[in-house]
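*Asks:* A single structure is presented below for examination.
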Amino acid sequence: MTATGQDKKLTADTVYSLYERARKNGRQGSLVDEGALPAPDDDDDGDDKSYWFVGAVWDGKDQLSRFLQYGIWENGYDEKFSDLVRRIKAGDRIAIKSGFVQKHQLPFDVGGQSAAAMRIKATGIVIENNNDGKSVKVAWDPVAQPRDWYFYTYRTTIVETDVNDAHGSRLIDFAFRRMPQDYQWFLARPYWVKKYGAQPLAPVDDPGADVAGTLMDVLDGDEEIFEDSPYTVDDIIAEGCFLASEKLNEMLDGWRRKKNIILQGPPGTGKTWLAKRLGFALAGSKDRETERSRLRVVHFHPSLAYEDFVRGWRPAGDGRLALVDGVLMQAIEAASSEPDRPFVLVIEEINRGNPAQIFGEMLTLLESSKRRPAEAIELTYRDPENPGERVHVPDNLFIIGTMNVADRSLAIVDLALRRRFAFFTLQPMLGEAWSVWCAARGLDQTISVQIQSRMHTLNAEISAALALGPQFQIGHSYVTPDMDETVRNGWAWFRARVEAEIGPLLDEYWYDQPDIAEAAKRKLLQQPA
């Protein structure tokens, strides 16, 4: 079907009638002559049409031929993605794609690096949704020569592409209207400039080069090959987290739903440590690529400003000012460039700065209900080279902050910020999981029992102190061996921790009552009878 034909506005019944007629005549590759199409339906402006990109591989087996033969598309999972499948409606456009990585014979120069690619194998019009969360009927128009699309690709089984998104609209034009891809537009985006560097377009005559086709013989149809090495809550626990897997999954589920969460708790409860690993679990990987490009870390402090975090003018090398994007805008650009992969922004000590001032107008856009292009707004500092620029926070950017509730210098967290984040409180974890971890690193059980008892007593005293309270308890990380550490002398190891780390903290807690601090330290260091 030609691009003009695909833009004809037909009812689902008309589409199905044409499809059945073409299939019976053996003309599935060209459903109907352009002139045979009925006139557009003036009552249907087509504004509610959605565009879907779907996979066709189940357990390593390509279902493309079966889908085309029977005029269907099916979700290979029982429950996963069923909500998305139910949202597909008659008249929507749908394309079968497969993802792969290409390094040789690229139609552009990225300095010898590999580029993510997506092959469009077939496009069609949805005729009917069976409302089972599994399948839809489709009038397929197989692509005579599969076409390869680069940069902005999908790895997941089913994705609805936003027509209002700059990246998505170009993909729609490429897949459904057969327009060529503007490689230079993508290579000029900040995310791709940073990833590949500014490279000139290579003079390639045939974007569908033979080498790419040969590569596809090996990789095509196996979309799971591109999934990163899995990183799960079990890995978090194996690396030294003493929370139960159920609690970690609860945090991840809340994060996926709310998009923004904050880990709060006393010092030493592993907030930043856990925040980063939850980020890896959400991303599904802890490999170098994830650490380098999909997880960013920023530390809030009193002097941090909107111009540092979002966007602001900065001196350029030529003596003029340049508009520079901060960490948040960089994360937004990266997440927008790869929409079906989770991106994570970790904000350490989010309440040490002034969050309302640092986020500015972006605070409104953090809400999960506003994570779409229709909610985009203009920034305080507008890009003069991009007039009319409007920004939204993409749905695949997840923010996690940490908050030390014992810091006396912190102001009350803005209620507007609290409304946009879900909060999880961490407590000192000196239970069975901690004991097992310590024993595996050489700490004698009799000593670990003594440490447990003394730390519990100390934390009870801190919690009962009128000037302190539960938020000032001492966390387990102060008395936990590192993963690769071997404890050879338990008491010497504990004494060193008390004298260098816990003791100075107690001196700060009771700075106006040093006798109490000294007594607490003596209790910790008293040799057992």
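So for the sequence shown, UniProt numbering puts the first residue at 1; every next one is plus one. By construction, the Cβ of each residue, glycine as well, lies at the ideal position given by its N, Cα and C atoms.
(1) Only counting the same chain, and skipping five residues up and downstream in sequence, which positions put a Cβ closer than 7 Å to that of L304?
(2) Can you tell me whether A36 is buried or exposed? The criterion is at least 16 other CB atoms within 10 Å of its CB, across all chains shown.
(3) Indicate whether V346 and K258 have their beta-carbon atoms separated by less than 8 Å.
(4) Could you give the residue range of the alpha helix (DSSP H) that holds D507?
(5) Apart from the five residues on each side of it in sequence, which residues of its chain come closer than 7 Å, Cβ to Cβ, to I451?
(6) Could you check how far apart the C-beta atoms of Q343 and N396 are, in whole angstroms? I think they sit under 8 Å.
(7) Hey, how far is the Cα of L219 from the Cα of A115?
(8) Hey, E367 and R420: beta-carbon distance below 8 Å or not?
(9) Is the Cβ-Cβ distance between G99 and T153 less than 8 Å?
(10) Spatial neighbours of R522 within its chain, please: C-beta separation below 8 Å, excluding the five flanking residues on both sides.
(11) So what does DSSP say about R418, is it helix, strand or coil?
(12) What is the residue span of the alpha helix (DSSP H) that N249 lies within?
(13) R341 and R294: beta carbons closer than 8 Å?
(14) Does DSSP put F131 in a helix, in a strand, or in coil?
(15) Can you tell me which of the three DSSP states A144 falls into?
(16) Closer than 7 Å by C-beta to D414: which residues in its own chain qualify, once you throw out the five before and the five after it? Chain order, please.
(17) Counting along the chain, where does the beta strand (DSSP E) carrying T161 start and finish?
(18) Tell whether a beta-carbon distance below 8 Å holds between G268 and H456.
(19) Buried or exposed: which applies to T402, given that a residue is buried once 16 or more other Cβ atoms fall within 10 Å of its Cβ?
(20) Which first and last residues belong to the beta strand (DSSP E) in which N404 is found?
(21) Between the alpha carbons of R147 and Q181, how many angstroms are there, rounded?
(22) Using DSSP bridges, identify the partner residues of T425.
(23) Take the Cβ of P339 as the centre, count every other Cβ of all protein chains shown within 10 Å, and call the residue buried at 16 or more, exposed below.
(24) Is Q513 helix, strand or coil by DSSP?
(25) Measuring straight from C-alpha to C-alpha, what distance separates R371 and G469?
(26) Determine, using beta-carbon pairs with one atom in the region 106–113 and one in the region 156–172, whether at least three such pairs fall under 8 Å.
(27) Could you give the DSSP three-state label for T364: helix, strand or coil?
(28) Would you call the region 310–317 and the region 232–243 touching, i.e. three or more CB-CB distances under 8 Å?
(29) Taking Cβ to Cβ, would you say R86 is nearer than 8 Å to T123?
(30) In three-state terms, what does DSSP make of M483?
(31) Go ahead and label D78 buried or exposed: buried means 16 or more other beta carbons lie within 10 angstroms of its beta carbon, across all protein chains shown.
(32) Indicate whether V297 and E348 have their beta-carbon atoms separated by less than 8 Å.
(33) So, at 6 Å on beta carbons, what are the nonlocal neighbours of N75 in its own chain, with the 5 sequence-adjacent residues on each side left out?
(34) Which parts of the region 307–360 are runs of the beta strand (DSSP E), unbroken and 3 residues or longer, counting only runs that do not cross its ends?
(35) Could you please give the first and the last residue of the uninterrupted alpha helix (DSSP H) stretch that includes I447?
(36) Nearest-angstrom Cα distance between E280 and L252?
*Replies:* Walking through what the data contain:
(1) Within the same chain, G353 and I358 come within 7 Å of L304 by CB-CB distance, once the 5 residues on both sides are set aside.
(2) Residue placement at A36 is poorly supported in this model, since its pLDDT is 36, which falls under 50; the coordinates still yield a value, given next. Exposed, because fewer than 16 other Cβ atoms sit within 10 Å of the Cβ of A36.
(3) no
(4) G503 to Y509
(5) Answer for I451: V479 and F494, listed in chain order.
(6) In the sequence on display, residue 343 carries Phe and not Gln. Yes, they are in contact, since the Cβ atoms of F343 and N396 sit about 6 Å apart, within 8 Å.
(7) Its pLDDT being 42, under 50, L219 is placed unreliably in this model, and the value from its coordinates should be taken loosely. Computed Cα separation, rounded: 14 Å.
(8) yes
(9) yes
(10) none
(11) helix
(12) S245 to K258
(13) yes
(14) The residue you asked about is not Phe; residue 131 is Asn in the sequence shown. Coil.
(15) strand
(16) P355 and A356
(17) First-last of the beta strand (DSSP E) with T161: I158 to T161.
(18) H456 is positioned such that its CB atom lies no closer than 8 Å to that of G268.
(19) buried
(20) Start and end: L397 to N404.
(21) Each residue's Cα considered, the two are about 10 Å apart.
(22) Q264
(23) buried
(24) coil
(25) Taken atom to atom, the span from the alpha-carbon of R371 to that of G469 is near 38 Å.
(26) no
(27) helix
(28) no
(29) 8 Å or more divides the Cβ of R86 from the Cβ of T123.
(30) coil
(31) exposed
(32) Going by C-beta atoms, V297 is nearer than 8 Å to E348.
(33) F81, V85 and K134
(34) 311–315, 321–325 and 343–348
(35) Q445 to A464
(36) Reading off the sequence, residue 280 comes out as Phe, not Glu. Near 11 Å, if we compare the C-alpha coordinates of L252 and F280.
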